[in-house]
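K.L.:
For what it's worth, the working numbering labels the leading residue of the sequence shown as 427, then goes sequentially.
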Amino acid sequence: MKVIVSDSYEEMSKKAADLFKSLLVEKPQSKLGLATGSTPVGLYENLVKAQKDGEISFHWAKSVNLDEYVGIDPKNEQSYQYFMDENLFNKVNIKKENTHLPKADTNDEKYAKEYDKVLDEMGPRDIQILGLGNNGHIAFNEPADKLNKRTSIVKLTDETIKANSRFFKSEEDVPKYAISMGMADAFNAKTIIVLASGKNKFDAVKKIIEDDKIDTNFPASLLHLHPNCYLFVDKEAYEG
Ligand code: F6R
């Protein structure tokens, strides 16, 4: 794993965007794995600007997203579909039909199987963006003795519900379930770009760097198994 430390969130976002841009220029038909959450917002801003400036184009790119809340309307401002539309898809020249997010109206695992089909048709990603949960979750693969290989309906932990409540009116409004790509698919990419920013990510970043064990109860530790993984952190996440 390569660890790139930046002084600020802005610098971290720019450095991660520079790597993303160089990969997309090298392969315009890249298959992209995308994440939501507050951390990649700056990265997406840089990519939007780069496309406006003619540095990159998403014309031939295809994308899949990691996860979505169960039972949420895509037009709901808290849905990950809305987030992606607002932060990237509506602002760049990616073809909407080439973008995919998992969707589940209920907890029925049939929705997970449907998304696995989308992932199988697309094949391995060229670039995968990942955020880092405070508890080390990857996508919504929460710490557990066994982790899902493929897409599943997952119950969010109290910790994640609490962390995500900042986007909702109250903790009660946070959906309790999500549909999430499994670990095998989240890591099925030539290059993984992980982003972590701010003091509240320090414990997780410290654990990734310091701990020499691979532990399913800290899913981010599995990143060490990937041959081409970049961890972009700002100073607050790196030093605490
Ligand atoms: C989002 C996702 C989550 C987030 C993680 C960090 O698609 O899969 O794993 O990456 O919860 O979220 P932020 O960036 O909001 O701290």
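The beta carbon of each residue, even a glycine, is placed where N, CA and C say it ideally should be.
Less than 8 angstroms separating the beta-carbons of P653 and N567?
P.N.:
Numbered from 1 along the sequence shown, position 227 holds the residue referred to as residue 653. Numbered from 1 along the sequence shown, position 141 holds the residue referred to as residue 567. No, they are not a contact pair.
K.L.:
Measure the Cβ-Cβ separation of N524 and S483 and say whether it is below 8 angstroms.
P.N.:
Taking the first residue of the sequence shown as 1, we reach residue 524 at position 98. Taking the first residue of the sequence shown as 1, we reach residue 483 at position 57. No. Outside cutoff.
K.L.:
Compute the Euclidean distance between the alpha carbons of A565 and A461, then round it to the nearest angstrom.
P.N.:
As a first step, residue 565 must be located in the sequence shown, where it is residue number 139. As a first step, residue 461 must be located in the sequence shown, where it is residue number 35. Computed Cα separation, rounded: 8 angstroms.
K.L.:
By how many angstroms is the C-alpha of R592 removed from the C-alpha of V600?
P.N.:
Indexing the sequence shown from 1 puts residue 600 at position 174. Indexing the sequence shown from 1 puts residue 592 at position 166. If you take the alpha carbons of V600 and R592, they lie about 9 angstroms apart.
K.L.:
Enumerate, from N- to C-terminal direction, the unbroken beta strand (DSSP E) stretches of 3 or more residues contained entirely within the segment 570 to 647.
P.N.:
578 to 581, 603 to 606 and 615 to 622
K.L.:
Run through the segment 460 to 487 for me and flag every whole beta strand (DSSP E) of 3 or more residues, listed as ranges in chain order.
P.N.:
List check, beta strand (DSSP E) in window: nothing returned.
K.L.:
Please report the residue range of the alpha helix (DSSP H) in which F446 lies.
P.N.:
Position 20 of the sequence shown, counted from the first residue, corresponds to residue 446. Unbroken alpha helix (DSSP H) run through F446: Y435 to E452.
K.L.:
Where E396 and Y603 are concerned, what is the direct C-alpha to C-alpha distance, given to the nearest angstrom?
P.N.:
Since the first residue shown for the chain is 427 and the last is 666, residue 396 is missing from the structure and cannot be characterised.
K.L.:
Verify whether the separation of the beta carbon atoms of P528 and T577 is less than 8 angstroms.
P.N.:
Within the sequence shown, numbered from 1, the residue matching residue 528 stands at position 102. Within the sequence shown, numbered from 1, the residue matching residue 577 stands at position 151. Taking 8 angstroms as the Cβ cut-off, P528 and T577 qualify as a contacting pair.
K.L.:
Beta carbon of D546, beta carbon of G497: below 8 angstroms?
P.N.:
Within the sequence shown, the letter at position 120 stands for residue 546. Within the sequence shown, the letter at position 71 stands for residue 497. In this structure, G497 does not lie closer than 8 angstroms to D546 by Cβ.
K.L.:
Got a sec? Which residues, its chain only, sit under 7 angstroms from D493 by beta carbon, not counting five neighbours each side?
P.N.:
Here residue 493 refers to the residue found at position 67 of the sequence shown. Cβ neighbours of D493 beyond the five flanking positions: Y506, P528, A565, F566, A604, I605, S606 and M607.
K.L.:
Which of helix, strand or coil does DSSP assign to Q507?
P.N.:
As a working note, residue 507 is residue 81 in the sequence shown. Residue state, collapsed to three classes: helix.
K.L.:
At what residue ranges does the segment 534 to 562 contain a whole run of the alpha helix (DSSP H), taking only runs of 4 or more?
P.N.:
Counting whole runs of 4 or more residues, the segment 534 to 562 contains the alpha helix (DSSP H) stretches 536 to 548.
K.L.:
Can you tell which of K522, A663 and P500 has the C-alpha that lies nearest to the C-alpha of A487?
P.N.:
Counted from its first residue, the sequence shown places residue 487 at position 61. For the residues K522, A663 and P500, the minimum Cα distance to A487 belongs to K522.
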